[in-house]
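Asker: The structure under discussion is supplied below as structure tokens; questions concerning it will follow.
Number of protein chains: 2
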Amino acid sequence: MPSKGEQTREKILEIAEGLILQKGFAGTSIDDILRETGITKGGFFYHFNGKNDLARHLLLRYLENDQRFFNALFERAQTLSEDPLQQMLIFLKLLAEEMANLPDTHPGCLVASFAYESQQVDATVRELNRRGLQSWRETFQTQLDLVAARYPARTEVSAVELADMLSAIIEGGIVLSKVYADQAILVQQLLHYRTYIRFLFDRV
Amino acid sequence: MPSKGEQTREKILEIAEGLILQKGFAGTSIDDILRETGITKGGFFYHFNGKNDLARHLLLRYLENDQRFFNALFERAQTLSEDPLQQMLIFLKLLAEEMANLPDTHPGCLVASFAYESQQVDATVRELNRRGLQSWRETFQTQLDLVAARYPARTEVSAVELADMLSAIIEGGIVLSKVYADQAILVQQLLHYRTYIRFLFDRV
DNA sequence: AAAGAAACTGTACGGTCGGTATAGTAAATA
DNA sequence: TATTTACTATACCGACCGTACAGTTTCTTT
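Sequence lines, in order, name chains S and X. If you're matching positions, the first sequence starts at 30 in our numbering and goes up one per residue. If you're matching positions, the second sequence starts at 30 in our numbering and goes up one per residue.
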């Protein structure tokens with residue numbers, strides 16, 4: 030059982046994340062967070078040294094959750110097939126399904142949020158953001174390397190670029206989904222990426 | 030020759046855009062803009078009714094410029110080939126070249142910026158944002174329809190989704206380029222989209 | 001039960017925010 | 001020359017910003 034402090038901390042992080050994704054980092058005041066959580070300013074500063082400290086913990090939590098999420102989907106894909114290409118394709122299908130099953134449209138990605146407010150956060154957060162993208166790159170690249178080792182690509186492609194393409198599709202798909210208020214778009218785009226992977230490595 | 034007022038107006042818009050792409054909309058104060066432009070608050074409010082009014086004009090200008098930019102590249106592509114598929118492929122190559130020739134990394138896209146601060150701008154700006162994405166969709170879709178009319182796609186694909194994919198690649202590519210501080214990524218991603226189009230319609 | 005640490009509340013601070021108002025002025029235009 | 005355009009300069013507002021800290025309650029350990 031998490032201590033009371035941990036619970037409050039988690040509540041602050043949870044609510045702050047939602048607010049920041051809708052209003053931006055600079056646009057979300059500490060008072061906004063206090064209003065939603067019900068705690069007072071002193072309580073907030075007991076847990077965090079300030080807004081930038083909040084941003085750092087927020088991003089850390091977000092990246093860890095995302096990593097866990099991706100890992101879980103890859104593990105599930107690995108139980109369903111032994112072939113690296115099929116695993117990748119299954120992973121993408123599972124990811125698309127998860128995005129389709131969200132209650133509303135995707136709330137947004139903190140990495141993109143901070144990327145567009147880079148001057149509002151300190152160098153630590155910017156660096157953390159870079160590392161976050163890099164860890165996604167490595168996660169996807171690892172699988173794509175396995176694919177490329179077994180299947181000759183139709184055209185010579187870089188696994189890193191292809192890994193980045195998935196990140197780009199996710200980030201871009203989220204932006205479009207947000208603006209159109211239609212989660213289907215992110216799903217469609219993920220499936221297009223999947224088709225591209227199939228064209229590259231599968232004998233279609 | 031633009032009148033003195035027009036010049037000042039343009040200067041405000043130009044500087045505000047740069048600031049907003051780096052610090053976000055809420056994170057950019059009117060005072061910030063005054064500092065950079067050298068005008069006073071009275072001067073600013075002579076030209077704009079407030080921050081939201083600025084946002085609207087900013088987005089309008091941005092979308093018009095972008096539309097002109099895309100149109101110019103399509104026209105150039107049309108002078109180089111009569112075939113719709115080749116025109117699309119040339120367009121994408123030209124677009125990638127333009128992105129590669131930017132002096133620094135891509136400064137960002139206002140559409141994404143406002144998408145991640147949707148609660149900070151009024152409904153007019155949000156609607157304008159949607160229309161902006163929609164006009165890109167139509168621009169790309171028009172060309173892709175011509176392609177699909179002449180070339181049977183390898184897999185049945187929706188021209189709208191494929192058009193949105195380009196927008197997503199651009200938006201996502203910009204995010205990655207910003208975070209990694211490397212404009213090459215956006216270029217790579219545009220070329221991957223190009224390869225996907227080739228796989229879909231061309232006999233590779 | 002006492003002590004101490006953890007988890008806050010309450011309040012106050014100086015600064016800045018977007019926005020408004022107004023008086024004055026220089027330059028372009030009719 | 002008269003009028004409009006395009007500002008400057010200054011002052012002000014209430015709201016809110018992030019920060020600080022002294023005090024109080026709640027939990028945990030001994």
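Just so you know, even glycine gets a beta-carbon here, dropped at the ideal spot from N, CA and C.
Any beta carbon of chain X sitting closer than 8 Å to that of GLN149(S)?
Answerer: Closer than 8 Å: yes.
Asker: Determine whether the Cβ of HIS135(S) lies closer than 8 Å to any Cβ atom of chain X.
Answerer: Chain X, which has no Cβ nearer than 8 Å to the Cβ of HIS135(S), makes this no.
Asker: Could you name the residues of the stretch 204 to 225 of chain X whose beta carbon sits closer than 7 Å to any beta carbon of chain S, in the order they occur along the chain?
Answerer: Those would be VAL204, LEU205, LYS207, VAL208, TYR209, ILE214, GLN217, GLN218, HIS221, THR224 and TYR225, in chain order.
Asker: For the alpha helix (DSSP H) containing GLY71(S), list its first residue and its last residue.
Answerer: First-last of the alpha helix (DSSP H) with GLY71(S): 70 to 76.
Asker: So, helix, strand or coil for HIS221(X), using DSSP?
Answerer: DSSP places HIS221(X) in helix when its eight states are reduced to three.
Asker: What distance in whole Å lies between the Cβ atoms of LEU131(X) and GLN212(X), which are believed to be in contact at a cut-off of 8 Å?
Answerer: Right, the Cβ-Cβ distance comes to about 6 Å (below 8 Å), so this counts as a contact.
Asker: Select from the stretch 163 to 177 of chain S all residues with a C-beta closer than 7 Å to any C-beta belonging to chain X, and list them in chain order.
Answerer: From the stretch 163 to 177 of chain S, no residue has a Cβ closer than 7 Å to chain X.
Asker: What first and last residue would you give for the alpha helix (DSSP H) that runs through GLN96(S)?
Answerer: Per DSSP, GLN96(S) belongs to the alpha helix (DSSP H) from 80 to 109.
Asker: Among the candidates LEU89(X), GLY47(X), ALA55(X) and PHE103(X), whose CA atom is the shortest distance from the CA of ILE49(S)?
Answerer: Comparing Cα-Cα distances from ILE49(S) to each of LEU89(X), GLY47(X), ALA55(X) and PHE103(X), the minimum goes to ALA55(X).
Asker: Just reading off the alpha helix (DSSP H) that VAL140(S) is part of, what are its end residues?
Answerer: Looking at the DSSP string, the run of the alpha helix (DSSP H) that includes VAL140(S) is 139 to 144.
Asker: From which residue to which residue does the alpha helix (DSSP H) around ASN158(S) run?
Answerer: 152 to 179 is the extent of the alpha helix (DSSP H) around ASN158(S).
Asker: Check each candidate in PRO136(X), GLU126(X) and GLN170(X) and name the one with the smallest Cα separation from GLN51(X).
Answerer: Of the candidates PRO136(X), GLU126(X) and GLN170(X), the one whose C-alpha sits nearest the C-alpha of GLN51(X) is PRO136(X).
Asker: I want to know whether the stretch 84 to 97 of chain S touches the stretch 107 to 114 of chain S - three or more CB-CB distances under 8 Å.
Answerer: No, they do not touch.
Asker: How long is the line joining the alpha carbons of ARG179(S) and ASN100(S), rounded to whole angstroms?
Answerer: Using only the alpha carbons, I get a separation of about 22 Å.
Asker: Tell me the residue span of the alpha helix (DSSP H) that contains LEU121(X).
Answerer: LEU121(X) -> alpha helix (DSSP H) spans 113 to 129.
Asker: Run down chain S in chain order and give the residues with a C-beta less than 7 Å from the C-beta of MET194(X).
Answerer: The answer, in chain order, is GLN218 and HIS221.
Asker: Hey, out of ILE226(X), GLU43(X), TYR209(X) and GLY53(X), whose CA is closest to ASP133(X)'s CA?
Answerer: Ranking the options by Cα distance to ASP133(X), first place goes to TYR209(X).
Asker: Please compile the residues from chain X whose C-beta is within a distance smaller than 7 Å of the C-beta of ARG159(S).
Answerer: Result: VAL208 and TYR209.
Asker: Quick one: is VAL140(X) near chain S, going by C-beta distance under 8 Å?
Answerer: Chain S, which has a Cβ nearer than 8 Å to the Cβ of VAL140(X), makes this yes.
Asker: Pairing CB atoms from the stretch 155 to 162 of chain X with CB atoms from the stretch 176 to 193 of chain S, are three or more of them under 8 Å?
Answerer: Touching, no, given that fewer than three Cβ pairs across the two stretches are closer than 8 Å.
Asker: What's the C-alpha gap between LEU224(X) and PHE169(S)?
Answerer: It is worth fixing the name first, because residue 224(X) is Thr in this sequence and not Leu. So the two alpha carbons sit approximately 20 Å from each other.
Asker: If we ignore side chains and look at the alpha-carbon of each, how far apart do LEU220(X) and LEU102(X) end up?
Answerer: Cα to Cα, LEU220(X) sits roughly 16 Å from LEU102(X).
Asker: Is the CB of ILE199(S) under 8 Å away from at least one CB in chain X?
Answerer: Closer than 8 Å to some Cβ of chain X, the Cβ of ILE199(S) qualifies, so yes.
Asker: With a CB to CB cut of under 7 Å and the five nearest residues on each side skipped, what residues in its chain are close to LEU63(X)?
Answerer: Around LEU63(X): THR69, LYS70 and PHE73.
Asker: So for ASP231(S), helix, strand or coil by DSSP?
Answerer: Residue state, collapsed to three classes: coil.
Asker: According to DSSP, simplified to helix, strand and coil, what is THR134(S)?
Answerer: Of the three classes helix, strand and coil, the one that applies to THR134(S) here is coil, per DSSP.
Asker: Is the beta carbon of MET128(S) less than 8 Å from the beta carbon of LEU195(S)?
Answerer: Against a cut-off of 8 Å, the Cβ pair of LEU195(S) and MET128(S) comes out as no contact.
Asker: Assuming ARG90(X) and LEU42(X) form a contact by the criterion Cβ under 8 Å, report the distance between their Cβ atoms to the nearest whole angstrom.
Answerer: With a Cβ gap of about 6 Å, ARG90(X) and LEU42(X) count as contacting.
Asker: Helix, strand or coil, according to DSSP, for ARG235(S) in the structure here?
Answerer: Nothing in the structure corresponds to residue 235(S), since chain S is present only between 30 and 233.
Asker: Quick test of your reading: ILE59(X) and LYS40(X), contact by CB under 8 Å. State the CB separation rounded to the nearest angstrom.
Answerer: Not really, about 14 Å apart at Cβ, beyond 8 Å.
Asker: The alpha helix (DSSP H) spanning SER196(S) covers which residue range?
Answerer: Note, SER196(S): alpha helix (DSSP H), 188 to 209.
Asker: Work out the CA separation of GLY202(S) and ASP151(S) for me, nearest whole Å.
Answerer: Those two C-alpha atoms are separated by around 27 Å.
Asker: How many whole angstroms separate the CB atoms of LEU205(S) and LEU191(S), which I take to be in contact at a CB cut-off of 8 Å?
Answerer: Contact doesn't hold; Cβ gap of about 21 Å is too wide.
Asker: Compute the Euclidean distance between the alpha carbons of PHE120(S) and GLU35(X), then round it to the nearest angstrom.
Answerer: About 53 Å.
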